[in-house]
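Under this note's numbering, read the sequence shown as residues 291 to 638, first letter to last.
A virtual CB, placed ideally from N, CA and C, is assigned to each residue, including glycine.
Given the structure is predicted, the values throughout are model-derived calculations rather than measurements.
All remarks here apply to the structure that follows.
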Amino acid sequence: MCLAALLLAAAAAAPTDAVALYDAGKYAEARAALEALDAQGQLSGPLLYRLFFCRRVLGDEPAAKDALERARASLESENTTAKSLEIPFYLANAYANLGLKDEARTVAVETARKVGSGGLPKPASPMESFQLGRLQQEAGDAEAASASFATAVEGFGSGYPGQSRWARRYLAERAMSRGDFAAAEPHLAALVSFPGAGAADYRQLALANGRLRRWEAAARAWREAVRLDPANADDPRYAARLADVAVQLGSLPERAPDGRGWNVLSTAELEETLRDAQRRAGDARNRAGSAPREERPKIEADLREARGRLTASGLEYALRGMGLREFAFKEGIAVLIFQDAPWTLPAE
């Protein structure tokens, strides 16, 4: 864009317009507005940082590096008299992007301390709550960051996709790490609603729903992971099929045959349960060949029990990310996962 065009654009745009475009994730339009303002010397440190980010997202690394260095210098000067979170927030981010981790943490710790002591005002908007959360995250205060991010996403609604994605991913990862899948699931569901959601997001959503025994939702998420990442589709494809079978069966055994929960079985114990279910299915079908008619209901019940055990142990195997496809293929169990015929007695 030539200088005349930049000046014309700047005349029609204010810094608030550029920020609105940036917050909406419209980085190409935001870049044009910011560069127009830059031509008139109207970019503060926070706006220079936004210009850096836009250029980086759009793949213009040399121009992005230049904007980042300029942002750093401006933010360092502005931070000496900062009266709000915005300047230290962007300064910490600038340091982090320059690889200056110690400097970023120092700014984050000091700013969080000032907010706590009243030296800086507490957040008055969802965006300020997000900024404080990022600083608390950088400072290593996970509990405080989680509280700030929760406040931010509640206020964001459907807006601020970039910031909402960051906050929700942080909240989901913390909840998943402590096994609170019910708390993680809404954040993961929101993440996959944003444009550009990836296979990893869907795999995490499937994991949360699987741990909550919401098999239909888990199957949908695994199938999306297959669609988005076909090169790594084997395990989610197997897991999706098992989740479909769980829906088909209506219920699964909640515990292993010895009374323990599936989640406490070792890998070897899960694998032996899968093999045992395979043997039981084969034995039941063999018995059916010579059994009198009155014994068929019992044999069918045995088959259903074996299928339930195979499905439950297979899903636990999949939820742990242990390579279900490889094990099932090696052991000849894949046919029992993908086909209904082995679970049906031959006609009399």
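Quick one, which of Ala591, Gly572, Ala489 has its alpha-carbon nearest leucine 539's?
The shortest Cα separation from leucine 539 among Ala591, Gly572, Ala489 belongs to Ala591.
Output needed for arginine 501: all residues of its chain with C-beta closer than 7 Å, excluding positions within five of it in sequence on either side, in chain order.
Taking C-beta separations shorter than 7 Å and ignoring five residues to either side along the sequence, the partners of arginine 501 in its chain run Phe471, Leu609, following chain order.
DSSP-derived helix/strand/coil call for glycine 551:
DSSP places glycine 551 in strand when its eight states are reduced to three.
Touching by the beta-carbon criterion (3+ pairs, under 8 Å), the region 551 to 567 and the region 529 to 539:
These segments do not touch.
Is DSSP giving arginine 253 helix, strand or coil here?
Given that the chain is displayed from residue 291 to residue 638, the structure contains no residue 253 and the question cannot be resolved.
Taking the alpha helix (DSSP H) that aspartate 573 belongs to, which residues open and close that run?
Counting along the chain, the alpha helix (DSSP H) containing aspartate 573 begins and ends at 557 to 578.
Of the choices Gly331, Ser334, Arg340, Ala314, whose alpha-carbon is the least far from that of arginine 321?
Of Gly331, Ser334, Arg340, Ala314, the residue nearest in Cα terms is Arg340.
Residues sharing a beta bridge with arginine 545, DSSP
Partner(s): Gly551.
In this structure, does DSSP put threonine 634 in helix, strand or coil?
In the structure shown, threonine 634 falls within a coil segment according to DSSP collapsed to helix, strand and coil.
Quick one: using the 10 Å Cβ neighbour count with 16 as the cut-off for buried, is glutamate 262 buried or exposed?
The structure shown does not extend to residue 262, since the chain is modelled only from 291 to 638, so the question has no answer here.
Out of Arg493, Lys316, Ala521, Pro451, which one is the CA nearest neighbour of arginine 510?
Selection Arg493, Lys316, Ala521, Pro451 evaluated against arginine 510 yields Arg493 as nearest (Cα-Cα).
Going by CA-CA distance only, name the one from Asp491, Asp573, Leu425 that's closest to arginine 455.
Looking at Asp491, Asp573, Leu425, the one whose alpha-carbon comes closest to that of arginine 455 is Asp491.
With 16 other CB atoms within 10 Å as the buried threshold, where does glycine 622 fall?
Result: exposed.
Contact under 8 Å by Cβ, alanine 402 with alanine 394
No.
Look at the Cβ atom of alanine 442, then the Cβ atom of glutamate 475, and state whether they are nearer than 8 Å.
No, the pair does not count as a contact, with Cβ atoms beyond the cut-off.
Under DSSP, the alpha helix (DSSP H) around tyrosine 607 begins and ends at which residues?
Residues 586 to 609.
Can you tell me whether lysine 603 is buried or exposed, with buried defined as 16 or more other CB within 10 angstroms of its CB?
One detail in the question is off: residue 603 reads as serine in this sequence, not lysine. So serine 603 ends up on the buried side.
Where isoleucine 623 falls: helix, strand or coil (DSSP):
DSSP places isoleucine 623 outside both helix and strand once states are collapsed to three, so it counts as coil.
Can you tell me which of Leu635, Ala508, Ala618, Pro636 puts its alpha carbon nearest to the alpha carbon of phenylalanine 628?
Minimum Cα distance to phenylalanine 628 is reached at Ala618.
Span separating the alpha-carbon of leucine 324 from that of methionine 417
So the alpha carbons of these two residues sit roughly 20 Å apart.
Using 8 Å as the threshold, is the C-beta distance between alanine 361 and phenylalanine 420 below it?
For the pair alanine 361 and phenylalanine 420, the CB atoms are not nearer than the 8 Å cut-off.
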